[in-house]
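Report on one structure; see the data block that follows.
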Amino acid sequence: MAGDKVLHVGDGDFDAQVLKSDLPVLLDFWAPWCGPCKAIGPVIEELAGEFDGKAVVAKMNVDDNPATPGKFGIRAIPTLIVFKGGKVVEQVTGAVGKAQMVAMLKKAL
Amino acid sequence: MSAAAYDLVIVGGGPAGLTAGLYAARAMLRAVLIEKGAVGGQVLLTDWVDNYPGFPEGISGFELIDKMAAQAARFGLATRLGAVTAMELGGPVKRLVLEDGGDITCRAVIIATGARPRQLGVPGEEEFTGRGVSYCATCDGPFYRGQEVAVVGGGNTAVEEAIFLTRFAAKVHVIHRRNELRATRILQEEAFANPKIAFVLDSRVQRVRGGAQGVEGVDIRHNDGTERFLPVTGVFMLIGTRPNNDMLPLAELGADAQGFIPTDGEMRTRLAGVMAAGDIRSKAVRQVVTAAGEGAVAVLAAEEYLHHSG
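Protein sequence lines, in the order shown, are assigned to chains A and B. Per this note's numbering, the very first residue in the first sequence carries number 26; after that it's consecutive. Per this note's numbering, the very first residue in the second sequence carries number 4; after that it's consecutive.
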């Protein structure tokens, strides 16, 4: 299952899993009450499968983890951020299409 | 006789497209539904749908879409992810170009590309989108616990979402350019009775102001000429929709001035074999239930066309 490849990150392991990652990371900030977030879920899972070994595709539930979204000023979800070498290189808010997500990740590879 | 890969291609996976997909799959047409992102469309921006029949307690927008998609899938509807970037709709074989460069040929098309929230078009709006400016109260409301926010608009969506936002916000200011709301009576009464909702009527937002932390407030101009600054941390723009029509040959389809597509009562556009359904149509009423109904009608029109042109 491609779904198994999505990494679930929390406030506690954000630094280790995202900022210190050797690979670029696409992090999807979501919450269970957000319809568009749930709608792009399957696309995120597809990406995780397609970029396996080249990039990390991760999700963070903003309900359970308020500190990290607060740090990045996130007040709208879904927000997707691509991190590379601990820095934000791409950021977009809203349920964007798969092609845009792929393009964001490819730029960071 | 025709070299088309499909009988029917449905473009868009909201309530209109999914209902069309259900009907097409049950009719055993060679059909495929193409969706650019994830199925759902604008209903996903709604927290709760109270006026779709069959759900006496109401249903969440996401759950409703999930059920529609599951129902179409039960009859074997094929779906494909990817944005359509151009359409050649003139001849008996239609060609749709996809963003990955591939194309799909078919004999009939149902355009169900829908609409998206309209921007107000004031300074600061784009700059602070995602940092206080929002078009989806359901998605972003919980970020404003205990804060003051503004809703711009006076229609059903604006008033409905203002009521929803009172679950989180300390105060919701509804800013509307006319002196009365357009929303349906039952919503107006609920909003007027809600002590957390304040109304700023006869007024327009001129600018969204903010800083490093995001939105700090809006400049308002009242219709009597006076101006003031309203301090809020969130601004929800709920002022109607604009069509998702970038991929459509608008002139050939005879699009109206706003870019929506006119059809007859059977959902036929002026191009043979091309139907339109849902929010992309030129019409007055945009509801989930009308979109679904139009999706069904469009497939019946497509079947008739396929039968006679076959």
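The beta carbon of each residue, even a glycine, is placed where N, CA and C say it ideally should be. These figures come from a predicted structure and were not determined experimentally.
Subject >> Contacts of alanine 64 of chain A in chain B (Cβ-Cβ under 8 Å) >> reply: Your numbering for residue 64 of chain A matches position 39 in the first sequence. Gly40, Ala41, Val42, Gly43, Leu47, Phe65, Ile68, listed in chain order.
Original post:
Taking Cβ-Cβ distances below 9 Å as the criterion, which residues of the stretch 134-152 of chain B are in contact with chain A?
Top reply: Arg134, Gly135, Val136, Ser137, Tyr138, Cys139, Thr141, Cys142, Asp143, Gly144, Pro145, Phe146, Tyr147
Subject >> arginine 77 of chain B (DSSP reduced to helix, strand or coil) >> reply: To locate residue 77 of chain B, count along the second sequence from 1; it is residue 74. Of the three classes helix, strand and coil, the one that applies to arginine 77 of chain B here is helix, per DSSP.
Subject >> Cβ-Cβ distance between leucine 80 of chain B and threonine 88 of chain B below 8 Å >> reply: What you label residue 80 of chain B is simply residue 77 of the second sequence in a count that begins at 1. What you label residue 88 of chain B is simply residue 85 of the second sequence in a count that begins at 1. Not a contact, by the Cβ cut-off of 8 Å.
**OP:** Reducing DSSP to helix, strand and coil, say where tyrosine 2 of chain B ends up.
**Re:** This structure gives no information on residue 2 of chain B, because the portion of chain B shown stretches from 4 to 313.
Subject >> Between the CA atoms of glycine 20 of chain B and arginine 29 of chain B - distance to the nearest angstrom >> reply: Working through the second sequence from its first residue, we reach residue 29 of chain B at position 26. Working through the second sequence from its first residue, we reach residue 20 of chain B at position 17. Computed Cα separation, rounded: 14 Å.
Original post:
So, alanine 314 of chain B versus isoleucine 114 of chain B, is the Cβ gap smaller than 8 Å?
Top reply: No information on residue 314 of chain B is available, as it lies outside the stretch 4 to 313 that chain B covers here.
Original post:
Between the beta-carbon of alanine 271 of chain B and the beta-carbon of alanine 304 of chain B, is there less than 8 Å?
Top reply: Mapped onto the second sequence, residue 271 of chain B falls at position 268. Mapped onto the second sequence, residue 304 of chain B falls at position 301. What sits at residue 271 of chain B in the sequence shown is arginine, not alanine. Going by C-beta atoms, arginine 271 of chain B is nearer than 8 Å to alanine 304 of chain B.
**OP:** Give a yes or no on contact between the stretch 165-173 of chain B and the stretch 251-262 of chain B, applying the rule of three or more CB pairs nearer than 8 Å.
**Re:** No, because fewer than three Cβ pairs between the stretch 165-173 of chain B and the stretch 251-262 of chain B fall closer than 8 Å, the two stretches do not touch.
Original post:
In chain A, which residues lie with their C-beta within 7 Å of the C-beta of glutamate 128 of chain B?
Top reply: Your numbering for residue 128 of chain B matches position 125 in the second sequence. Result: empty, since nearest Cβ-Cβ is about 13 Å, beyond 7 Å.
**OP:** Go through its chain and collect everything with a Cβ distance to lysine 63 of chain A's Cβ below 8 Å, but skip five positions before and after it.
**Re:** In the first sequence, counting from the first residue as 1, residue 63 of chain A sits at position 38. Within the same chain, lysine 63 of chain A has close Cβ partners Trp55, Pro57.
Original post:
Going along the chain, which unbroken runs of the alpha helix (DSSP H) with 4 or more residues stay wholly within the stretch 99-179 of chain B?
Top reply: 140-143, 159-168
**OP:** Could you tell me the boundaries of the beta strand (DSSP E) in which serine 206 of chain B lies?
**Re:** By 1-based counting over the second sequence, the position of residue 206 of chain B is 203. Its beta strand (DSSP E) spans residues 206-214.
**OP:** Keeping to the same chain, check which residues put their C-beta closer than 7 Å to that of valine 42 of chain B; ignore five residues upstream and five downstream.
**Re:** The count along the second sequence starts at 1 and reaches residue 42 of chain B at position 39. So the qualifying residues of the chain are Gly16, Leu21, Ile68, Ala72.
Original post:
So what does proline 246 of chain B bridge to, in DSSP terms?
Top reply: One-based indexing of the second sequence puts residue 246 of chain B at position 243. Answer is B:Ala118, bridged to proline 246 of chain B.
**OP:** Decide yes or no for the touch test of the stretch 290-297 of chain B against the stretch 120-137 of chain B: beta carbon pairs closer than 8 Å, at least 3 of them.
**Re:** no
**OP:** Compile a chain-ordered list of the residues in the stretch 80-94 of chain A whose CB is closer than 9 Å to at least one CB of chain B.
**Re:** Val87, Asp88, Pro94
Original post:
When the Cα of valine 52 of chain B is compared with those of B:Gly40, B:Glu66, B:Gly44, B:Lys39, which residue comes out closest?
Top reply: For the purposes of this step, residue 52 of chain B is taken as the residue at position 49 of the second sequence. Among B:Gly40, B:Glu66, B:Gly44, B:Lys39, the Cα nearest to that of valine 52 of chain B is on B:Glu66.
Original post:
Three-state secondary structure (DSSP) at isoleucine 13 of chain B?
Top reply: Locating residue 13 of chain B in the second sequence gives position 10, where the first residue counts as 1. DSSP places isoleucine 13 of chain B in strand when its eight states are reduced to three.
Original post:
Using Cβ-Cβ distances below 7 Å, what residues of the stretch 103-127 of chain A are close to chain B?
Top reply: From the stretch 103-127 of chain A, only Thr104, Thr118, Ala120, Val121, Gly122, Lys123, Ala124 have a Cβ closer than 7 Å to chain B.
Original post:
In terms of alpha-carbon separation, which member of A:Ala128, A:Val43, A:Gly37, A:Lys132 lies closest to alanine 83 of chain A?
Top reply: By one-based count along the first sequence, residue 83 of chain A stands at place 58. Checked all of A:Ala128, A:Val43, A:Gly37, A:Lys132; the closest Cα to alanine 83 of chain A is A:Val43.
Original post:
Checking contacts by CB at 8 Å: is alanine 86 of chain B closer than that to chain A?
Top reply: For the purposes of this step, residue 86 of chain B is taken as residue 83 along the second sequence, with counting starting at 1. Alanine 86 of chain B counts as touching chain A.
Original post:
Roughly how many angstroms separate the alpha carbons of alanine 258 of chain B and asparagine 54 of chain B, rounded to a whole number?
Top reply: For the purposes of this step, residue 258 of chain B is taken as residue 255 along the second sequence, with counting starting at 1. For the purposes of this step, residue 54 of chain B is taken as residue 51 along the second sequence, with counting starting at 1. Their Cα atoms are separated by approximately 29 Å.
**OP:** Look at the Cβ atom of phenylalanine 263 of chain B, then the Cβ atom of valine 152 of chain B, and state whether they are nearer than 8 Å.
**Re:** Position 260 of the second sequence, counted from the first residue, corresponds to residue 263 of chain B. Position 149 of the second sequence, counted from the first residue, corresponds to residue 152 of chain B. Contact flag unset, no.
Original post:
Among B:Asp50, B:Gly44, B:Ile283, B:Leu233, which residue has its Cα nearest to the Cα of alanine 201 of chain B?
Top reply: Taking the second sequence and counting its residues from 1, one reaches residue 201 of chain B at position 198. Checking every option, the nearest Cα to that of alanine 201 of chain B belongs to B:Leu233.
Subject >> Which of helix, strand or coil DSSP assigns to valine 46 of chain B >> reply: Position 43 of the second sequence holds residue 46 of chain B. Here valine 46 of chain B sits in helix by DSSP.
Original post:
Is it right to say aspartate 10 of chain B is buried, meaning 16 or more other beta carbons lie within 10 angstroms of its own, or is it exposed?
Top reply: On the second sequence, position 7 is the one that residue 10 of chain B refers to. Classification for aspartate 10 of chain B: buried.
Original post:
Are the CB atoms of alanine 80 of chain A and lysine 30 of chain A nearer to each other than 8 Å?
Top reply: Counting from one through the first sequence, the residue named residue 80 of chain A turns up at place 55. Counting from one through the first sequence, the residue named residue 30 of chain A turns up at place 5. In terms of Cβ geometry, alanine 80 of chain A and lysine 30 of chain A do not form a close pair [threshold 8 Å].
Subject >> CB of proline 67 of chain A within 8 Å of CB of alanine 120 of chain A, strictly >> reply: Mapped onto the first sequence, residue 67 of chain A falls at position 42. Mapped onto the first sequence, residue 120 of chain A falls at position 95. Cβ distance not < 8 Å, so proline 67 of chain A and alanine 120 of chain A don't count as in contact.
Subject >> Three-state secondary structure (DSSP) of threonine 293 of chain B >> reply: Counting from one through the second sequence, the residue named residue 293 of chain B turns up at place 290. Of the three classes helix, strand and coil, the one that applies to threonine 293 of chain B here is helix, per DSSP.
Original post:
Can the beta-carbon of threonine 141 of chain B be found closer than 8 Å to that of aspartate 282 of chain B?
Top reply: One-based indexing of the second sequence puts residue 141 of chain B at position 138. One-based indexing of the second sequence puts residue 282 of chain B at position 279. Contact: no.
Subject >> Against chain B: residues of the stretch 38-67 of chain A by CB proximity under 9 Å >> reply: Ala56, Trp58, Cys59, Gly60, Pro61, Cys62, Lys63, Ala64, Ile65, Gly66, Pro67
Original post:
According to a CB-to-CB cut-off of less than 9 Å, which residues of the stretch 208-224 of chain B neighbour chain A?
Top reply: Cβ contacts with chain A: Ala215, Gln216, Gly217, Val218.
Original post:
glycine 117 of chain B and glycine 44 of chain B look like a contact to me (Cβ under 8 Å); what is the Cβ gap, rounded to whole Å?
Top reply: Translated into positions along the second sequence, residue 117 of chain B becomes position 114. Translated into positions along the second sequence, residue 44 of chain B becomes position 41. With 8 Å as the limit, glycine 117 of chain B and glycine 44 of chain B qualify as a contact, their Cβ atoms being about 5 Å apart.
**OP:** Please classify glutamine 191 of chain B: does DSSP put it in a helix, a strand, or coil?
**Re:** Residue 191 of chain B sits at position 188 when you count from the first residue of the second sequence. Reduced to three states, the DSSP call for glutamine 191 of chain B is helix.
**OP:** Kindly indicate if chain B contains any beta-carbon less than 8 Å away from that of alanine 133 of chain A.
**Re:** The sequence position of residue 133 of chain A within the first sequence is 108, counting from 1. No, alanine 133 of chain A does not count as interfacial toward chain B.
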